[in-house]
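> My questions will all concern the structure given below.
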Amino acid sequence: GAGVSQTPSNKVTEKGKYVELRCDPISGHTALYWYRQSLGQGPEFLIYFQGTGAADDSGLPNDRFFAVRPEGSVSTLKIQRTERGDSAVYLCASSRGLAGASVEQFFGPGTRLTVL
Amino acid sequence: GEDVEQSLFLSVREGDSSVINCTYTDSSSTYLYWYKQEPGAGLQLLTYIFSNMDMKQDQRLTVLLNKKDKHLSLRIADTQTGDSAIYFCAEGMDSSYKLIFGSGTRLLVRP
Numbered sequence: 002g003a004g005v006s007q008t009p010s011n012k013v014t015e016k017g018k019y020v021e022l023r024c025d026p027i028s029g030h031t032a033l034y035w036y037r038q039s040l041g042q043g044p045e046f047l048i049y050f051q052g053t054g055a056a057d058d059s060g061l062p063n064d065r066f067f068a069v070r071p072e073g074s075v076s077t078l079k080i081q082r083t084e085r086g087d088s089a090v091y092l093c094a095s096s097r098g099l100a101g102a103s104v105e106q107f108f109g110p111g112t113r114l115t116v117l
Numbered sequence: 054g055e056d057v058e059q060s061l062f063l064s065v066r067e068g069d070s071s072v073i074n075c076t077y078t079d080s081s082s083t084y085l086y087w088y089k090q091e092p093g094a095g096l097q098l099l100t101y102i103f104s105n106m107d108m109k110q111d112q113r114l115t116v117l118l119n120k121k122d123k124h125l126s127l128r129i130a131d132t133q134t135g136d137s138a139i140y141f142c143a144e145g146m147d148s149s150y151k152l153i154f155g156s157g158t159r160l161l162v163r164p
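So the sequences go chain by chain: A and B. Using the numbering used here, the letters of the first sequence correspond one by one to residues 2 to 117. Using the numbering used here, the letters of the second sequence correspond one by one to residues 54 to 164.
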């Protein structure tokens with residue numbers, strides 16, 4: 002398919018463990034975003050990449066959260082020492098990233114993370 | 054600060070029009086969006102409007118923007134049962150690209 006894909010679709014882990022969530026953006030999209038959606042809430046911004054660099058990481062809640070995009074395509078969101086409050090759906094989005102044309106963000110189906 | 058608010062729930066009869074409302078606080082917002090989320094599915098972009106526009110129409114969807122009151126609405130004409138979903142309003146700015154979402158309005162369409 003040509004859309005944004007995310008793996009795994011579901012992840013159950015124990016408190017204190019490390020997890021990695023993967024996002025494959027739409028081919029050719031230079032901008033990539035991570036959001037977190039808690040139950041009954043709208044998505045909350047975490048981090049934005051333009052190419053390989055994190056252009057805005059102001060939404061990361063603390064230093065347990067980290068994201069990379071080493072080749073400017075696939076991105077991995079890493080969470081260390083998971084806590085029960087990290088349980089949420091983690092959404093990835095991508096856009097063309099060109100000035101004036103970057104307004105449309107296309108979202109993936111999300112990874113549902115459950116920390117027991 | 055940045056804050057987007059929506060009513061939680063709307064119920065309409067099939068064939069009627071639906072109007073979903075949203076208010077935002079940041080006057081520097083450049084774009085305002087409507088996304089649709091169905092159970093178990095990702096967010097689908099329905100439409101968006103630039104802040105220098107008052108209205109945008111796209112088939113059954115009409116977006117109205119009152120910039121003075123910071124009020125955005127989405128009207129769905131001839132609402133169908135397939136329109137039942139959660140609708141999110143979001144604001145975005147040129148400078149940051151991140152989207153600020155409301156908590157969503159659950160639309161229920163009764164047959």
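All C-beta atoms, glycine included, are put in the ideal place defined by N, C-alpha and C.
According to DSSP, is Asp111/B helix, strand or coil?
In this structure, Asp111/B counts as strand in the three-state DSSP scheme.
> Below 7 Å between beta carbons is the criterion; list the residues of the stretch 93–124 of chain B that meet it against any residue of chain A, in chain order.
From the stretch 93–124 of chain B, only Ala94, Gly95, Leu96, Leu98 and Tyr101 have a Cβ closer than 7 Å to chain A.
> Output yes if chain B places a C-beta closer than 8 Å to the C-beta of Val104/A; else output no.
Interface residue, yes.
> Going by DSSP, what residues sit across from Tyr34/A in a beta bridge?
Tyr34/A pairs with Tyr49/A and Ala94/A.
> Cα separation between Ile102/B and Arg128/B?
Spanning the two alpha carbons is a distance of roughly 14 Å.
> Please list, in chain order, the chain A residues whose beta carbon lies closer than 7 Å to that of Leu152/B.
Within 7 Å Cβ-Cβ: Phe46 and Gln106.
> Enumerate in chain order the residues of its own chain whose CB-to-CB distance from Glu105/A is below 8 Å, with the five nearest sequence positions on each side excluded.
Answer for Glu105/A: Ser96 and Arg97, listed in chain order.
> Is the beta carbon of Gly60/A closer than 8 Å to that of Gly95/B?
No. Outside cutoff.
> Against Phe141/B, what residues of chain A qualify as contacts under a CB-to-CB distance less than 8 Å, listed in chain order?
The answer, in chain order, is Gly43 and Pro44.
> Exposed or buried, which one is Ala102/A when buried takes at least 16 other CB atoms within 10 Å?
With a pLDDT of 48 at Ala102/A, under the threshold of 50, the modelled position of that residue is not reliable, and no figure is offered here.
> Between the Cα of Arg23/A and those of Lys79/A, Thr14/A, Asp58/A and Thr83/A, spot the shortest distance and give me the residue it belongs to.
Considering only alpha carbons, the answer is Lys79/A.
> Have a look at Gln81/A and Tyr86/B and give me their C-alpha separation to the nearest angstrom.
Spanning the two alpha carbons is a distance of roughly 33 Å.
> Mapping DSSP to helix, strand and coil, what is Arg65/A?
Three-state result, Arg65/A: coil.
> Going by beta-carbon coordinates alone, are Ser70/B and Lys123/B separated by less than 8 Å?
No, they are not a contact pair.
> Shortest alpha-carbon distance to Lys151/B belongs to which of Val116/A, Pro44/A and Arg70/A?
Ranking the options by Cα distance to Lys151/B, first place goes to Pro44/A.
> Using the three-state DSSP reduction, which class does Arg82/A fall into: helix, strand or coil?
Arg82/A: coil per DSSP, three-state reduction.
> Taking a contact to mean a Cβ-Cβ separation below 8 Å, would you say Val116/A touches Arg85/A in this structure?
Their beta carbons are under 8 Å apart, which means Val116/A touches Arg85/A by this criterion.
> Rounding to the nearest angstrom, what Cα-Cα distance links Cys142/B and Gln7/A in this structure?
Their Cα atoms are separated by approximately 23 Å.
> What three-state label does DSSP hand Thr14/A in the structure shown?
The answer is strand: DSSP assigns Thr14/A an E or B state.
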